[in-house]
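Numbering (our numbering), first residue to last: 661 to 723.
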């Protein structure tokens, strides 16, 4: 199953609606992948669950 999401629009919406910042792909992967950083202090179950939940909502429910 292929899913198309307008990369920049989705990332802007995630930031505006959920305060969740996701980086764009670099180089040849620009517009094809997202970079999600959960390292150090940010790497905890609460942040991981929030990230997965809001991205899933965008992909599966178009919210």
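Even for Gly, the Cβ is constructed at its ideal location relative to N, Cα and C.
Reduced DSSP secondary structure (H/G/I, E/B, other) of residue i
{"i": "residue 684", "result": "strand"}
{"i": "residue 666", "result": "coil"}
{"i": "residue 677", "result": "helix"}
With 16 other Cβ atoms within 10 Å as the buried cut-off, status of residue i
{"i": "residue 674", "result": "buried"}
{"i": "residue 718", "result": "buried"}
Paired residues, beta bridge with residue i - DSSP
{"i": "residue 695", "result": "683"}
Enclosing alpha helix (DSSP H) for residue i [first to last residue]
{"i": "residue 704", "result": "Residue 704 -> no alpha helix (DSSP H), and no H or E assigned at all."}
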